[in-house]
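Asks:
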Amino acid sequence: LNKQEETLLQQRLQKRQMKEFLTIYSNLVDSCFSSCVDDFTSKTLASRESGCISRCIQKQMAAQQRVGERFQELNAEMTAKMQSQ
Amino acid sequence: MADAKPPPTPSEPPAAATSPTPKPNVSPSSSAAGYKVPERNPAFRMLGLPSLPRKLPSRNWIIFFTLTGALSAAIIYDKREKKRATARWARAVAPLASEPVPNPSQLPRKLTIILSAPPGEGVRVAQDHFLEYVKPVLAASGLDWDFVQGRAQGDVRAAVAERIRRRRRLDEKPDELLEPTEEAIREEVRRRNQIPEYTGEAGDIVIGRNTWKEYIRGLHEGWLGPLDLPPHLQPPPPPPPPSSENEDKKKEDEEKEKEKEKEKEKKPERPPQPLPHNTTDEYPDSPLPRAIPGRFAPSSPVQFPHILGFLNTPTRLARFLNRRALADDIGRQVASACFAANREWREEAEAEAAASNDHRPARREQELALEWEEKNWIKSVWKAEADDEDDDEEHKKAGKLPMEKVWTNPMVLDPRIASRMRRFEMRPEDEQRARAIVVPEEEVEGWIKGNLRSLYRWGAEAWDGKPKGPNVGNIDDVVV
Numbered sequence: 001l002n003k004q005e006e007t008l009l010q011q012r013l014q015k016r017q018m019k020e021f022l023t024i025y026s027n028l029v030d031s032c033f034s035s036c037v038d039d040f041t042s043k044t045l046a047s048r049e050s051g052c053i054s055r056c057i058q059k060q061m062a063a064q065q066r067v068g069e070r071f072q073e074l075n076a077e078m079t080a081k082m083q084s085q
Numbered sequence: 086m087a088d089a090k091p092p093p094t095p096s097e098p099p100a101a102a103t104s105p106t107p108k109p110n111v112s113p114s115s116s117a118a119g120y121k122v123p124e125r126n127p128a129f130r131m132l133g134l135p136s137l138p139r140k141l142p143s144r145n146w147i148i149f150f151t152l153t154g155a156l157s158a159a160i161i162y163d164k165r166e167k168k169r170a171t172a173r174w175a176r177a178v179a180p181l182a183s184e185p186v187p188n189p190s191q192l193p194r195k196l197t198i199i200l201s202a203p204p205g206e207g208v209r210v211a212q213d214h215f216l217e218y219v220k221p222v223l224a225a226s227g228l229d230w231d232f233v234q235g236r237a238q239g240d241v242r243a244a245v246a247e248r249i250r251r252r253r254r255l256d257e258k259p260d261e262l263l264e265p266t267e268e269a270i271r272e273e274v275r276r277r278n279q280i281p282e283y284t285g286e287a288g289d290i291v292i293g294r295n296t297w298k299e300y301i302r303g304l305h306e307g308w309l310g311p312l313d314l315p316p317h318l319q320p321p322p323p324p325p326p327p328s329s330e331n332e333d334k335k336k337e338d339e340e341k342e343k344e345k346e347k348e349k350e351k352k353p354e355r356p357p358q359p360l361p362h363n364t365t366d367e368y369p370d371s372p373l374p375r376a377i378p379g380r381f382a383p384s385s386p387v388q389f390p391h392i393l394g395f396l397n398t399p400t401r402l403a404r405f406l407n408r409r410a411l412a413d414d415i416g417r418q419v420a421s422a423c424f425a426a427n428r429e430w431r432e433e434a435e436a437e438a439a440a441s442n443d444h445r446p447a448r449r450e451q452e453l454a455l456e457w458e459e460k461n462w463i464k465s466v467w468k469a470e471a472d473d474e475d476d477d478e479e480h481k482k483a484g485k486l487p488m489e490k491v492w493t494n495p496m497v498l499d500p501r502i503a504s505r506m507r508r509f510e511m512r513p514e515d516e517q518r519a520r521a522i523v524v525p526e527e528e529v530e531g532w533i534k535g536n537l538r539s540l541y542r543w544g545a546e547a548w549d550g551k552p553k554g555p556n557v558g559n560i561d562d563v564v565v
């Protein structure tokens, strides 16, 4: 690949990464909002709701990290199995 | 008194006079002298209910209803109490699952469940026993667990001993390359990602007396036996390749080998069971390895009553109607394994030892654990000793050694290993708290009552007045 195509590829990859990140972000906002905010008699966030949201985000991140680690281990096991067979 | 005679008597002659030909189908109640239609109980009459039947069902029906009712009551009561016992221990252990984990990568505590097929049956029975009595409590506790399963006699011994030898090899022969296992790959990935391992007490839950015996034998073999197979047990080297003189013979051999390979591809053979690396007689002379810890991971033997035979049906029925006691005992053992409180194994009480006729030294608690289960085993387990003589010769011809009968041999304990073993036991305050737990009816009821309850709830929810969805206030007040 020459230089032009390289830069194009890099741009495309960056765009895709940005898209994925935004999708993850919007899913996060969606799920945390639906779980935490249930009172629409006032338009400002109550303190319990904002606390709930920050905890929700932390928990989502922790869960993602944990699932990613287990998935990595499983992947390694599966590739080793494939190789031995 | 003549006046007390009821009116029908003087009216009978006029009735007989008016109807000279009496009808053949006159009702017997009116023909019997003085029979009155009984009056309804005035209390029932006021309520508008019919009176109770005057006629009970026949004697045979009564017997039938009594027997059916008694058996149903026994089964239903036992089932409910069994659910209550398991639910009680699950609730006692549930607070462990809610403890916050500060580091999201922190690995949880992991127990090892050791299962083995009871004599005369397959592993399925042991697995079902685990699923019914042990798993509910474990699942509620938030712990992690993995299995060591044994199909034939000696499988568990081989697995337990191999695990211990693997640990020893890391310390005694750090340069030797171990064969890769799935666990080793996982450990490698975790080490690379610097995932913190659990640093507290692990533990073993051993199900069944035969498994317990194999576990003890495996522990001793792993810690007291040599790391490699002793020379007289190693398999003979493969025969040298045939000379190139007889080419036809060679071709025939190759064809035969190809056929054998094809057969093997269809059915992947299981590797043969690893032989024991030492015998029970070698225990006192074996040195302890340097890497041996002062205390082993605690273990908990869990009973697995299993009896076969047609004539044992009354025993099996009695056990079936008393499963609540079994559920309570197993739940207590598993909960004590989850709470991780442990103590050392004790010796038999001195009074009992003195009472025995043999004047033997006090037996250790490990030997006595679940000893009653051996009476349940099928006869062929014990008879196999008599057949050993024929088997020995065949085995010697094939170049193999006779199978070690772990189940029928008496348990041999080396004091150095036995003193390092520990047993799970709950603290008294934990047990009291567990006994005080009240299990709600919803967890104990059967499916009929459960469905009726759901039906009631579905209907009652219409009258709740609870908002379905986010709280948007009273929309009728909004001025648009």
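Those protein sequence lines, which keep their order, are chains X and W.
Mapped onto the working numbering, the consecutive letters of the first sequence carry residue numbers 1 to 85.
Mapped onto the working numbering, the consecutive letters of the second sequence carry residue numbers 86 to 565.
From the three backbone atoms N, C-alpha and C, an ideal C-beta is built for every residue, glycine too.
Given this structure, state the Cα-to-Cα distance separating R209/W from L393/W, to the nearest angstrom.
Replies: For R209/W and L393/W, the distance between alpha carbons rounds to 15 Å.
Asks: Report the rounded CA-to-CA distance for A521/W versus H214/W, giving the unit in angstroms.
Replies: Using only the alpha carbons, I get a separation of about 26 Å.
Asks: Does DSSP classify P195/W as helix, strand or coil?
Replies: Pro is not the amino acid found at residue 195/W; the sequence shown has Lys there. Three-state DSSP puts K195/W in a strand.
Asks: Using 10 angstroms around the beta-carbon of Y300/W, count the other beta-carbons present and answer buried if the total reaches 16, otherwise exposed.
Replies: Per the 10 Å Cβ criterion, buried.
Asks: So, is the C-beta of R66/X closer than 7 Å to a C-beta in chain W?
Replies: Closer than 7 Å to some Cβ of chain W, the Cβ of R66/X qualifies, so yes.
Asks: Quick one: which unbroken alpha helix (DSSP H) runs of 4-plus residues sit fully inside the stretch 109 to 173 of chain W? Chain order, please.
Replies: Counting whole runs of 4 or more residues, the stretch 109 to 173 of chain W contains the alpha helix (DSSP H) stretches 113 to 116, 127 to 132.
Asks: For a cutoff of 7 Å on Cβ pairs, would you count G235/W as touching chain X?
Replies: No, its Cβ sits nowhere closer than 7 Å to a Cβ of chain X.
Asks: Tell me whether L312/W, by its Cβ, gets closer than 6 Å to a heavy atom of the ligand ZN.
Replies: Summarising the ligand content, the structure contains no ligands, and the ligand ZN is consequently not present.
Asks: Could you round the C-beta distance between V291/W and S384/W to whole angstroms and report it? I think they count as a contact, below 8 Å.
Replies: Indeed they touch by this definition, with Cβ atoms about 6 Å apart.
Asks: In whole angstroms, what separates the C-alpha of A412/W from that of A519/W?
Replies: Near 14 Å, if we compare the C-alpha coordinates of A519/W and A412/W.
Asks: Excluding the five sequence neighbours on either side, which residues of its own chain have a C-beta within less than 6 Å of the C-beta of T296/W, listed in chain order?
Replies: Correct list, in chain order: I199, S201, V241.
Asks: Flag this pair as yes or no: are the beta carbons of V222/W and A182/W separated by less than 7 Å?
Replies: Not a contact, by the Cβ cut-off of 7 Å.
Asks: Any C-beta of chain W within less than 8 Å: which residues of the stretch 32 to 45 of chain X qualify?
Replies: Those would be V37, D38, D39, F40, T41, in chain order.
Asks: Roughly how many whole angstroms lie between the Cα atoms of V219/W and N427/W?
Replies: Whole-angstrom Cα-Cα distance: 19 Å.
Asks: Just to confirm, is the Cβ distance from A287/W to A158/W under 7 Å?
Replies: Not a contact, by the Cβ cut-off of 7 Å.
Asks: DSSP state of G235/W, grouped into three classes?
Replies: Note: G235/W maps to strand in three-state DSSP.
Asks: For V568/W, list the residues DSSP reports as bridge partners.
Replies: Residue 568/W falls outside the range modelled here, since chain W spans only 86 to 565, and no answer is possible.
Asks: I need the boundaries of the alpha helix (DSSP H) containing R252/W, first residue and last residue.
Replies: Element bounds for R252/W: 240 to 257.
Asks: Count the other CB atoms, across all protein chains shown, that sit within 10 Å of the CB of A243/W; report buried if there are 16 or more and exposed otherwise.
Replies: Buried: at least 16 other Cβ atoms inside 10 Å.
Asks: What does V280/W reach in chain X if we use C-beta pairs closer than 8 Å?
Replies: It should be noted that the sequence gives Ile, not Val, for residue 280/W. The contacting residues are E69.
Asks: Counting C-beta neighbours from all protein chains within 10 Å, is the total for L498/W 16 or more, i.e. buried, or is it exposed?
Replies: With 16 or more Cβ atoms within 10 Å of its Cβ, L498/W is classed as buried.
Asks: Where does S421/W sit, in a helix, a strand or coil, going by DSSP?
Replies: Of the three classes helix, strand and coil, the one that applies to S421/W here is helix, per DSSP.
Asks: Taking the alpha carbon of R417/W as the reference point, which residue from A224/W, D231/W, H317/W, A170/W has its own alpha carbon closest?
Replies: The shortest Cα separation from R417/W among A224/W, D231/W, H317/W, A170/W belongs to A170/W.
Asks: Suppose contacts are defined by Cβ-Cβ distances below 7 Å. Is L228/W in contact with L196/W by that definition?
Replies: In contact: L228/W and L196/W (Cβ atoms closer than 7 Å).
Asks: Based on DSSP bridge pairs, tell me the residues matched to F201/W.
Replies: In the sequence on display, residue 201/W carries Ser and not Phe. S201/W pairs with G235/W.
Asks: Just by C-beta distance, which residues in the stretch 542 to 559 of chain W are closer than 7 Å to chain X?
Replies: Flagged, chain order: P555, N556, V557, G558.
Asks: Here's the rule I'm using: 16 or more other beta-carbon atoms within 10 Å means buried, otherwise exposed. How should L141/W be labelled?
Replies: L141/W comes out exposed.
Asks: Does any C-beta atom of chain X lie closer than 7 Å to the C-beta of P185/W?
Replies: P185/W does not count as touching chain X.
Asks: Nearest-angstrom Cα distance between G133/W and I147/W?
Replies: So the two alpha carbons sit approximately 28 Å from each other.
Asks: Taking any Cβ of chain X, which residues in the stretch 171 to 201 of chain W have a Cβ under 8 Å from it, in chain order?
Replies: So the list reads P189, S190, given in the order they occur along the chain.
Asks: Provide the residue span of the beta strand (DSSP E) that contains G507/W, from first to last.
Replies: According to the sequence displayed, residue 507/W carries Arg and not Gly. Taken as a continuous stretch (DSSP letters only), the beta strand (DSSP E) holding R507/W covers 507 to 509.
Asks: Under a CB-based cut-off of 7 Å, is E49/X close to chain W?
Replies: It does not; no Cβ of chain W falls within 7 Å.
Asks: Quick one: is T365/W buried, meaning 16 or more other Cβ sit within 10 Å of its Cβ, or exposed?
Replies: T365/W should be labelled buried.
Asks: For I267/W, return the contacting residues in chain X, with the cut-off set at a CB-CB distance below 9 Å.
Replies: Checking the sequence shown, residue 267/W turns out to be Glu, not Ile. Simply E77, A80, K81.
Asks: Nearest-angstrom Cα distance between R448/W and E184/W?
Replies: About 40 Å.
Asks: Grouping DSSP H, G and I as helix and E and B as strand, with all else coil, what is D39/X?
Replies: Strand.
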